């Protein structure tokens with residue numbers, strides 16, 4: 001950074017507040033505000049403004065890892081909900097009955113159809 005007098009930095013501060021500085025000039029101004037030369041009361045306003053903006057910028061930018069982990073957690077929850085819903089939907093009604101000491105297991109809908117078929121297929125003598 002080249003050495004400039006305080007009037008240069010005062011002018012740069014005014015230009016900053018008028019939004020007439022380039023990014024490079026703003027970077028130089030930030031560097032200047034970290035030096036002992038800038039401890040003058042004339043630079044308190046710009047120092048406070050840039051400090052506030054830096055704090056806000058850091059506060060609103062969470063690490064990328066946080067967003068990645070949150071996205072993975074949401075995906076895992078949605079997958080678990082989808083799996084449990086699918087499992088519940090496709091679960092069969094299995095009925096088990098003990099007939100003459102033997103356990104007979106069958107699907108409830110199949111048993112119902114079989115019973116209805118037997119009821120209506122009987123021939124009248």
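In the working numbering, the protein residues as written are 1 to 125. All C-beta atoms, glycine included, are put in the ideal place defined by N, C-alpha and C. Only a predicted model underlies this, so the values are computations on that prediction, with no experimental measurement involved.
From this set, 88, 90, 107, 89, which residue's C-alpha is nearest residue 97's C-alpha?
-> Translated into the one-based positions of the chain shown, residue 97 becomes position 97. Closest by alpha carbon: 107.
If we count the other Cβ atoms within 10 Å of its Cβ and call it buried at 16 or more, is residue 81 buried or exposed?
-> Indexing the chain shown from 1 puts residue 81 at position 81. By the neighbour-count rule (16 or more Cβ atoms within 10 Å), residue 81 is not buried but exposed.
Would you kindly work out how many angstroms separate the C-alpha atoms of residue 12 and residue 63, rounded to a whole number?
-> Locating residue 12 in the chain shown gives position 12, counting from the first residue. Locating residue 63 in the chain shown gives position 63, counting from the first residue. Distance between the alpha carbons of residue 12 and residue 63: 33 Å.
Would you list the residues sitting across from residue 103 in a DSSP beta bridge?
-> Position 103 of the chain shown, counting from 1, holds the residue named residue 103. Looking at the DSSP assignment, residue 103 forms a beta bridge with 98.
With DSSP run on the structure shown, which of helix, strand or coil describes residue 10?
-> Within the chain shown, the letter at position 10 stands for residue 10. In the structure shown, residue 10 sits in a helix (DSSP, three-state: H, G or I).
Return the chain-ordered list of same chain residues with a C-beta closer than 6 Å to the C-beta of residue 72, the five sequence neighbours on each side being excluded.
-> The sequence position of residue 72 within the chain shown is 72, counting from 1. Contacts found: none.
Within 10 angstroms of the Cβ of residue 86, are there 16 or more other Cβ atoms? Answer buried if so, exposed if not.
-> Position 86 of the chain shown, counting from 1, holds the residue named residue 86. Per the 10 Å Cβ criterion, exposed.
Bounding residues of the alpha helix (DSSP H) (the contiguous stretch that carries residue 30) = As a first step, residue 30 is located in the chain shown; it is residue number 30 there, counting from the start. Its alpha helix (DSSP H) spans residues 23-33.
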